[in-house]
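Asker:
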Amino acid sequence: LEVNDTATGLVVGHESHDHKLIARIALDRLSGVPRPPPPPLDLDLYRQACESRIQELSDQVGVLEQSLGASAGPRPPPLAAGNPTAGSMSVLVIEPDPTVNWGEAIGERLEDGTEIVVDQQSWAGLRLSGNRCQVYGLEHPLRLDVKPSALEHRHTARHGRLRHITPDLIVVRDEVHSLGHNQRNLLFGIAQSGVQCLNSAFALTMLLEPPTVQAALKQSQLQLAPESFPLLEQWVYPSAEQMPQDPVAGENFPGFPCVVKVGSLGGKMKLESAAGWQDLVGLARPHPEDSVVVQPFVDWDVAFKVQRVCGSTRAFQKARGNDESQWRPDPNAEVVEVGVSPEMARWMDAVSNQVGGLEICSLDVLRCKSSGTLKILKLSGTALWEGAHTAVGERVRCMLRAKREGEESGQGYVTEMNRTISGLSQRLKQLNAEKVRLDATGGAGGEKEGEKEGEGEEEGRVASEEEAATGQVPPDNSNGGSGCTCTVS
Numbered sequence: 472l473e474v475n476d477t478a479t480g481l482v483v484g485h486e487s488h489d490h491k492l493i494a495r496i497a498l499d500r501l502s503g504v505p506r507p508p509p510p511p512l513d514l515d516l517y518r519q520a521c522e523s524r525i526q527e528l529s530d531q532v533g534v535l536e537q538s539l540g541a542s543a544g545p546r547p548p549p550l551a552a553g554n555p556t557a558g559s560m561s562v563l564v565i566e567p568d569p570t571v572n573w574g575e576a577i578g579e580r581l582e583d584g585t586e587i588v589v590d591q592q593s594w595a596g597l598r599l600s601g602n603r604c605q606v607y608g609l610e611h612p613l614r615l616d617v618k619p620s621a622l623e624h625r626h627t628a629r630h631g632r633l634r635h636i637t638p639d640l641i642v643v644r645d646e647v648h649s650l651g652h653n654q655r656n657l658l659f660g661i662a663q664s665g666v667q668c669l670n671s672a673f674a675l676t677m678l679l680e681p682p683t684v685q686a687a688l689k690q691s692q693l694q695l696a697p698e699s700f701p702l703l704e705q706w707v708y709p710s711a712e713q714m715p716q717d718p719v720a721g722e723n724f725p726g727f728p729c730v731v732k733v734g735s736l737g738g739k740m741k742l743e744s745a746a747g748w749q750d751l752v753g754l755a756r757p758h759p760e761d762s763v764v765v766q767p768f769v770d771w772d773v774a775f776k777v778q779r780v781c782g783s784t785r786a787f788q789k790a791r792g793n794d795e796s797q798w799r800p801d802p803n804a805e806v807v808e809v810g811v812s813p814e815m816a817r818w819m820d821a822v823s824n825q826v827g828g829l830e831i832c833s834l835d836v837l838r839c840k841s842s843g844t845l846k847i848l849k850l851s852g853t854a855l856w857e858g859a860h861t862a863v864g865e866r867v868r869c870m871l872r873a874k875r876e877g878e879e880s881g882q883g884y885v886t887e888m889n890r891t892i893s894g895l896s897q898r899l900k901q902l903n904a905e906k907v908r909l910d911a912t913g914g915a916g917g918e919k920e921g922e923k924e925g926e927g928e929e930e931g932r933v934a935s936e937e938e939a940a941t942g943q944v945p946p947d948n949s950n951g952g953s954g955c956t957c958t959v960s
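So for the sequence shown, our numbering puts the first residue at 472; every next one is plus one.
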């Protein structure tokens, strides 16, 4: 362990064992001690240093591969003379509604003239064909196969055949898991790739299951205080086997009447007696992989949906009507926009910062008929009001501009060079390990064990070549080779 703290000028090595000093440095960092800004990066000097190091490592790898007879594998692509500048940027919109034209909402070009290529498709039309394939440490971007879209405009019509795309940004407008499909694994592949998403892939993952959604809402409740964030309580059972046979209100379930949901896709059921509870346990028992979520029933008169889309907040309401048997909001009921109260605005500020940030989210809120109090029911991350596509399109453009500026400042080039050096260092380490193994078996370079004199001459020739190529004695076989780490502030 070595800690080098530039702010305090302290260097702690592994021999000092000064745990108190290390702890103080860590506490200083956590307590917000001002730290000097990193010096600006001279990209030209950095490029020269990286290319020199890459050439040195490549020579060492080449000498060892030649001496060992190992296959070199695919070579890294040629180094660019400067920052990589692409002529276009790719945006994938996962949208179930083919009538929505996201190409018009996002636009055709950025202000600097960069073309925006928009591909619009549902989950069913996508297939993961490449995910962070590494060649010498260079991580290639996510690659997806996209079927021809039903929406025929210039952004998505590509000669009616399967295409390969490497998106710079993915806008997810379709539910990841619904009754018609389950695209969790595809989402996990996208999340692993690191490609930027709206909402983020981490947020979409956390919104897949009711318990994790409730966990995010509880974090908001802790932030604002329970009385300021009236979250409806929720009971979770990992499976039907763990549901109580004799439910006791307040002890192992919320009490009757209650609303039960089995799994992430199952519909909701209102239970009013112990007999109904026993029936539900019997129905859910054949599905041990599904958790069971139970909430107390709220006798409501008005249902609100408060939506946040890229910083803008709006609220809508539905009246319950006179039919008491209709205990869930009617999807066909009239929707009326209402003003956003300060309380609702605080709720949205809190929940939009959860699970890594939610650019698009909504809260379902019920107003109790008897008391008039509000109860927060659930959080979702795909709802849009009519006309909100323009706001999302502008947010997409803003994210693309930020990504382009990052590339132009050299961040993309720096990352690429570091990965190249890391990959070559790893390759060199593997070759040295192979050389040690062959030396241990007495068969380096494929020589027979009895040919001692020939082995000596061959090893001398290899050593001379290594010294000529690297200007130094080859790494000691006893430590398995050398590595390289290049860090840029």
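In this text, a Cβ means the ideal position worked out from N, Cα and C, and glycines have one as well.
1) Could you tell me whether the stretch 752-768 touches the stretch 826-834, using the rule of 3 or more Cβ pairs below 8 angstroms?
2) Let me know the beta strand (DSSP E) ranges lying completely inside the stretch 718-782, each 3 residues or longer, listed in chain order.
3) Do the stretch 566-574 and the stretch 643-657 make contact, defined as three or more Cβ pairs closer than 8 angstroms?
4) Take every Cβ of the stretch 691-700, pair it with every Cβ of the stretch 652-667, and state whether three or more of those distances are shorter than 8 angstroms.
5) Should the stretch 843-862 be called in touch with the stretch 763-783, which here means at least 3 C-beta pairs below 8 angstroms?
6) Please name the residue or residues paired with Cys869 in a DSSP beta bridge.
7) Could you tell me which of Gln537, Ile577, Leu528 sits nearest to Gly858, measuring between CA atoms?
8) When burial is assigned at 16 or more other CB atoms within 10 Å of the CB, is Asp995 buried or exposed?
9) Could you tell me if Val809 is buried or exposed, where buried requires 16 or more neighbouring beta carbons within 10 angstroms of its beta carbon?
10) Under 8 angstroms by Cβ, that's how I've got Leu902 and Leu528 pegged, so tell me the actual separation to the nearest angstrom.
11) Which stretch, first to last residue, makes up the beta strand (DSSP E) that contains Lys689?
12) Do Pro767 and Gly726 count as a contact pair if the criterion is CB distance below 8 angstroms?
13) Under 8 angstroms Cβ to Cβ from Pro701, same chain only, skipping five residues before and after it: list those, please.
14) Taking 8 angstroms as the cut-off, decide whether the C-beta atoms of Ala854 and Met815 are in contact.
15) How many angstroms separate the CA atom of Val765 from the CA atom of Leu675?
16) Quick check on the DSSP output: the alpha helix (DSSP H) that includes Trp573 runs from which residue to which?
17) Following the continuous beta strand (DSSP E) through Leu834, name the residue where it begins and the one where it ends.
18) Under three-state DSSP, which class holds Leu657?
19) According to DSSP, is Gln667 part of a helix, a strand, or is it coil?
20) Relative to the C-alpha of Gln713, which residue among Leu736, Pro682, Asp761, Leu563 is closest?
21) Taking the Cβ atom as the reference point for each residue, do Cys839 and Trp748 lie within a distance shorter than 8 angstroms?
22) Rounded to the nearest angstrom, how far is the Cβ of Val532 from that of Leu909, given a contact under 8 angstroms?
23) Quick one: what's Lys961 bridged to in DSSP?
Answerer: According to the structure shown:
1) no
2) 729-733, 739-742, 763-767, 771-780
3) yes
4) no
5) yes
6) What you label residue 869 is simply residue 398 of the sequence shown in a count that begins at 1. Its beta-bridge partners do not exist; DSSP assigns none.
7) Position 387 of the sequence shown, counted from the first residue, corresponds to residue 858. Comparing Cα positions, the closest option is Ile577.
8) Since the first residue of the chain shown is 472 and the last is 960, residue 995 is not available in this structure.
9) The count along the sequence shown starts at 1 and reaches residue 809 at position 338. Looking at its Cβ environment, which holds fewer than 16 other Cβ atoms inside 10 Å, Val809 is exposed.
10) Position 431 of the sequence shown, counting from 1, holds the residue named residue 902. Position 57 of the sequence shown, counting from 1, holds the residue named residue 528. That belief does not hold up - the Cβ atoms of Leu902 and Leu528 are roughly 11 angstroms apart, past 8 angstroms.
11) Residue 689 sits at position 218 when you count from the first residue of the sequence shown. That residue, Lys689, is in no beta strand (DSSP E); its alpha helix (DSSP H) goes 681-695.
12) To locate residue 726, count along the sequence shown from 1; it is residue 255. To locate residue 767, count along the sequence shown from 1; it is residue 296. Yes, they are a contact pair.
13) Working through the sequence shown from its first residue, we reach residue 701 at position 230. Excluding positions up to five away in sequence, the list reads Thr844, Leu845, Lys846, Ile847.
14) Taking the first residue of the sequence shown as 1, we reach residue 854 at position 383. Taking the first residue of the sequence shown as 1, we reach residue 815 at position 344. No. Outside cutoff.
15) The residue you call residue 765 lines up with position 294 of the sequence shown. The residue you call residue 675 lines up with position 204 of the sequence shown. In a straight line, the C-alpha of Val765 is about 23 angstroms away from that of Leu675.
16) Numbered from 1 along the sequence shown, position 102 holds the residue referred to as residue 573. Taken as a continuous stretch (DSSP letters only), the alpha helix (DSSP H) holding Trp573 covers 573-577.
17) For this step, residue 834 is matched to residue 363 along the sequence shown. Here the beta strand (DSSP E) through Leu834 covers 831-839.
18) One-based indexing of the sequence shown puts residue 657 at position 186. Note: Leu657 maps to helix in three-state DSSP.
19) Residue 667 sits at position 196 when you count from the first residue of the sequence shown. Strand.
20) Taking the first residue of the sequence shown as position 1, residue 713 is located at position 242. Answer by Cα proximity: Asp761.
21) On the sequence shown, position 368 is the one that residue 839 refers to. On the sequence shown, position 277 is the one that residue 748 refers to. If you check the CB distance, Cys839 and Trp748 do not come in under 8 angstroms.
22) Your numbering for residue 532 matches position 61 in the sequence shown. Your numbering for residue 909 matches position 438 in the sequence shown. With 8 angstroms as the limit, Val532 and Leu909 do not qualify as a contact, their Cβ atoms being about 16 angstroms apart.
23) The question about residue 961 has no answer, for the chain in this structure spans 472 to 960.
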